[in-house]
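Report on the structure given below.
So, in C-alpha cells, the structure goes:
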C-alpha cells in the first residue's frame with residue numbers, strides 16, 4: 042500500500058459510507074453481482090463517475106474485466122498498462138491527467154465514446170495476501186482523486202478483495218457440486234446397462250458384480266444370452282470421471298447390438314473397435330474381454346483387447362492358466378487384421394475368472410497391490426464354491442488385505458463356472474425316511490439320463506441314504522426340504538446334499554467303528570459313515586452361516602481311491618468255506 | 024420297496040431294497056422268526072446301515088436262544104458292505120457266485 046495514503050487517518054465522516062458498503066458486501070452474492078456491487082460501492086465512496094474491476098487469473102497471469110454489456114471480456118497481461126502495472130506492483134496508481142500519462146491507452150475511450158480525465162487504480166489483495174484483481178475508478182465528480190481518496194480507496198479495496206474472493210470460492214464450490222451431480226448421473230447411466238439378474242445357463246453358474254469407486258471409473262460387464270450363446274464382457278475405459286463411464290457404456294450397448302444382430306465374434310470385435318476408434322478422443326481407449334460361450338459345445342471363444350490377465354481355472358489340474366490379450370485395447374486405432382480368437386473348452390468344474398484392475402491393483406496401506414498371485418491362490422483353493430460365493434470370498438479377501446485403504450477404482454468380477462448341475466439334476470425332498478424311495482427313483486433317473494456308469498450306482502445310493510438319514514435324525518432345528526444335486530463329473534459323480542435352516546453339524550467327523558469286536562459288543566449305530574468312507578473318493582462338509590445352510594458334497598469315480606482302503610476281513614471266513 | 028416272505032422250503036425271501044425306510048417292516052417280520060433262519064438274498068439288491076442294524080439285532084436275538092441267521096446268495100455289493108462293516112465275521116454268508 043502507498044505510504045503516503047496509509048499514513049493518513051480516516052475521519053468519522055469518511056468512515057460512514059465505507060462501513061455502509063462493507064456491510065452490503067458481506068451479503069452472499071454470486072460473482073457477477075458481487076462485481077457490480079464492488080463497482081457501485083467504489084463509485085459511491087469515492088464519488089466517481091465510473092469504475093471497473095479486473096479479476097486476476099493466476100493460470101494465465103492476466104487481468105480480465107467484463108465490459109459494461111456484461112458478457113464480453115477484456116484481457117490484459119499483468120505488468121502491462123496502468124491496470125497491469127498496478128497488479129504487478131500492488132501499489133495504488135493515481136493519475137490526475139490521463140492524457141498526459143504515457144501508460145494510458147486512449148483506445149478504450151475512443152471505443153466507448155467516453156473521456157477519462159483522472160483515474161485511481163488500486164490492487165485488490167485479500168487478507169491472506171493473495172492478489173484478487175484490480176479496482177479502477179474514473180473521473181471524480183468534483184476534480185481529481187486526492188490523498189484522502191487514496192486512503193479511502195485502500196480501505197475499501199481490502200473489503201472488496203475479501204468479498205470477491207469469497208464469491209469466487211462459492212462459485213468454485215458450486216462448480217464442484219455441479220461436477221459431482223454430473224458424475225452421479227454418469228454413474229447411473231453406467232450402472233443402468235449392467236445385468237441385474239444373472240442369466241440361467243443349464244450346466245453353468247454365471248456371476249457378475251460391480252462395485253463402483255467413489256469417483257466413477259470406467260468398468261462395465263455383460264453376461265447375457267444372445268443367439269450365439271452366452272455373451273461374456275468385461276470392459277474398463279481409461280481414466281476417471283464422466284467420460285470413461287459414458288465411453289464404456291457406449292461400448293456395452295454397441296456390443297449387445299452387434300451380437301443381437303447376429304454378428305460373429307470377429308466381426309463384432311472389429312466393428313466395435315473401429316467405431317470407437319472413430320469417435321473416442323485420441324488419448325482414450327477401453328480394455329475389454331469379449332467372449333461367446335457355446336453352452337452346448339461348452340466352448341468359449343474370446344478376443345481380448347488389452348484386458349489381462351484372463352485366468353482360467355482347470356479342474357483337471359487344479360491350477361489356473363493365464364491367457365493374454367489377443368489384441369490392443371479397443372479404440373486405440375482401427376483394426377486391419379485380427380489374430381485368431383482363443384478357444385477354451387470348458388470341462389466340468391472349470392472356471393473363467395475375469396477381474397478388473399480394481400482388484401489386481403487394490404493397494405493396502407503400504408501401497409502393495411493385491412496382485413494376480415493372491416487371486417490365483419484363492420481360486421485354486423476355493424474352486425469348489427458356487428460362483429457367487431467364490432466372488433464374495435474374493436471381495437472379502439481383498440477388503441481384509443486392504444485393511445481400510447480406500448477403493449480407488451471400480452471393481453468388477455465376472456465368473457463363469459461349468460458345474461454340470463442342471464435344473465433337472467437338483468431336487469428337494471421332505472425330511473422323512475419315507476422319502477428314500479423317491480430319492481432312489483431320482484438317482485436312477487439321473488444315472489439314466491446322464492449316462493453315468495451303473496457300477497457306481499450302489500455306492501451313490503448308499504452314501505446318499507446314509508447322509509440323508511443322518512440329516513433326518515440328527516440335524517438340529519430345520520424344517521425345510523433337503524436338496525439333493527447329482528452331477529456327472531469326469532469318470533464319475535458328484536453329489537451334494539443341502540440342508541437349510543440348521544445349526545452346523547459336521548457328520549463327516551463321525552468316528553470309525555471297531556468292526557473286529559465280537560457280536561455282543563457290536564451296536565448298529567455309526568456304521569453308515571464308516572462304510573461311506575470306504576466307498577467314496579471324497580466327502581466335504583461346508584456350513585454357510587449367513588443362510589444357516591449345511592452342505593455335504595461327495596465324489597465317487599470309477600478309478601478313484603476310496604478315502605479309507607477297505608481291509609479284507611473276509612479271508613478267515615473264506616478259509617472256512 | 025422291499026418284499027419279505029417265507030418260502031416253501033423254509034427260506035426267508037427278501038426282495039428289493041432294505042433301506043432306512045423299510046427297516047421297520049423287515050424288523051417286524053424277522054422278530055417273528057426263531058431257530059436257524061436262512062435268508063435268501065438272491066433278490067435283495069441293496070442294503071444300507073439301517074438294514075445292517077436289523078440283521079444285527081435279529082442275529083443277537085437268535086444266538087441267545089441257540090439259533091442263528093444265515094445269509095445265502097448274497098450279491099457282490101452286499102458282500103462288500105458286510106466285509107467293510109465286519110459283518111462277515113458275525114454271519115455265515117454264502118455268496119451268489121458260489
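Residue numbers (my numbering), protein chains in the order written: chain A, 42 to 618; chain B, 24 to 121.
The beta carbon of each residue, even a glycine, is placed where N, CA and C say it ideally should be.
query, result
"Does residue 33 of chain B have its Cβ less than 8 angstroms from a Cβ in chain A?", "no"
"In chain order, what residues of the same chain lie with their CB nearer than 8 angstroms to the CB of residue 267 of chain A, ignoring the 5 residues before and after it?", "297, 300, 301, 333"
"Relative to the C-alpha of residue 562 of chain A, which candidate in B:50, B:35, B:112, B:51 has its C-alpha closest?", "B:112"
"Residue ranges of each beta strand (DSSP E) run of no fewer than 3 residues wholly in the stretch 327–377 of chain A, ordered along the chain?", "327–335, 340–346, 351–355, 360–364"
"What residues are listed by DSSP as bridge partners for residue 122 of chain A?", "Partner(s): none; residue 122 of chain A has no beta bridge."
"Determine, using beta carbons only, whether residue 391 of chain A comes closer than 8 angstroms to chain B.", "no"
"Name the residues in the stretch 488–502 of chain A whose C-beta lies less than 8 angstroms from a C-beta of chain B; which are they?", "499, 502"
"Just the C-alpha distance for residue 115 of chain B and residue 558 of chain A, rounded to the nearest angstrom, thanks.", "16 angstroms"
"Does the beta carbon of residue 366 of chain A come closer than 8 angstroms to any beta carbon on chain B?", "no"
"By a C-beta neighbour count over all protein chains shown, 10 Å radius and 16 as the cutoff for buried, is residue 606 of chain A buried or exposed?", "exposed"
"Taking only beta carbons into account, state which residues of the stretch 45–56 of chain B come closer than 7 angstroms to chain A, listed in chain order.", "none"
"Assign residue 184 of chain A to buried or exposed, taking buried as 16 or more other Cβ atoms, counted over all protein chains shown, within 10 Å of its Cβ.", "exposed"
"Tell me, please, whether the CB atom of residue 37 of chain B is closer than 8 angstroms to any CB atom in chain A?", "no"
"For residue 401 of chain A, is the classification buried or exposed, using 16 other Cβ atoms within 10 angstroms of its Cβ as the cut-off for buried?", "buried"
"Kindly identify the DSSP beta-bridge partner or partners of residue 524 of chain A.", "A:469, A:539"
"By the 10 Å Cβ neighbour count, where 16 or more other Cβ atoms means buried, how is residue 618 of chain A classified, buried or exposed?", "Low local confidence applies: a pLDDT of 39 at residue 618 of chain A is under 50, so the model's placement there is unreliable, and no value is given."
"Looking only at DSSP bridge pairs, what is residue 411 of chain A linked to?", "Answer by DSSP bridge pairing: none, since residue 411 of chain A is not bridged."
"Let me make sure I understand the geometry here. Which of A:275, A:451, A:165, A:156 has the alpha-carbon closest to that of residue 124 of chain A?", "A:165"
"Going by the CB atoms, is the gap between residue 503 of chain A and residue 538 of chain A shorter than 8 angstroms?", "no"
"Grab the span of the beta strand (DSSP E) containing residue 181 of chain A for me, first residue to last.", "172–181"
"Closest to residue 455 of chain A by C-alpha separation, out of A:359, A:478, A:240, would be which residue?", "A:240"
"With DSSP as the reference, please indicate the residues paired to residue 597 of chain A in a beta bridge.", "A:534"
"Let me see if you follow: with CB-CB separation under 8 angstroms, is residue 507 of chain A close to chain B or not?", "yes"
"Once you ignore the five residues that flank residue 174 of chain A on each side, which residues in its own chain have a CB closer than 7 angstroms to its CB?", "94, 95, 96, 97, 104, 165, 205"
"Suppose you measure from the CA of residue 188 of chain A to the CA of residue 73 of chain A; what does that come to, to the nearest Å?", "30 angstroms"
"Between the stretch 401–420 of chain A and the stretch 563–575 of chain A, can you find at least three pairs of beta-carbon atoms closer than 8 angstroms?", "no"
"Indicate the three-state DSSP secondary structure (helix, strand or coil) for residue 164 of chain A in the structure shown.", "strand"
"Are there three or more Cβ pairs, one per stretch, closer than 8 angstroms when the stretch 226–238 of chain A is compared with the stretch 418–433 of chain A?", "no"
"Determine, using beta carbons only, whether residue 372 of chain A and residue 317 of chain A come nearer to each other than 8 angstroms.", "yes"
"Determine, using beta carbons only, whether residue 399 of chain A and residue 452 of chain A come nearer to each other than 8 angstroms.", "yes"
"Give me the Cα-Cα distance between residue 107 of chain A and residue 115 of chain A, rounded to the nearest whole angstrom.", "6 angstroms"
"Can you have a look at residue 577 of chain A and say buried or exposed, based on whether 16 or more other CB atoms are within 10 angstroms of its CB?", "buried"
"Compare the C-beta of residue 606 of chain A with all C-beta atoms of chain B and state if any pair is closer than 8 angstroms.", "no"
"Could you name each continuous alpha helix (DSSP H) segment of 4 residues or more that falls completely within the stretch 553–588 of chain A, going from the start of the chain to the end?", "568–573"
"For the stretch 95–110 of chain B, which residues have a CB atom closer than 7 angstroms to at least one CB atom of chain A, in sequence order?", "100, 104, 106, 107, 108, 109"
"Looking only at C-alpha atoms, which of B:71, B:78, B:91, B:81 sits nearest to residue 43 of chain B?", "B:71"
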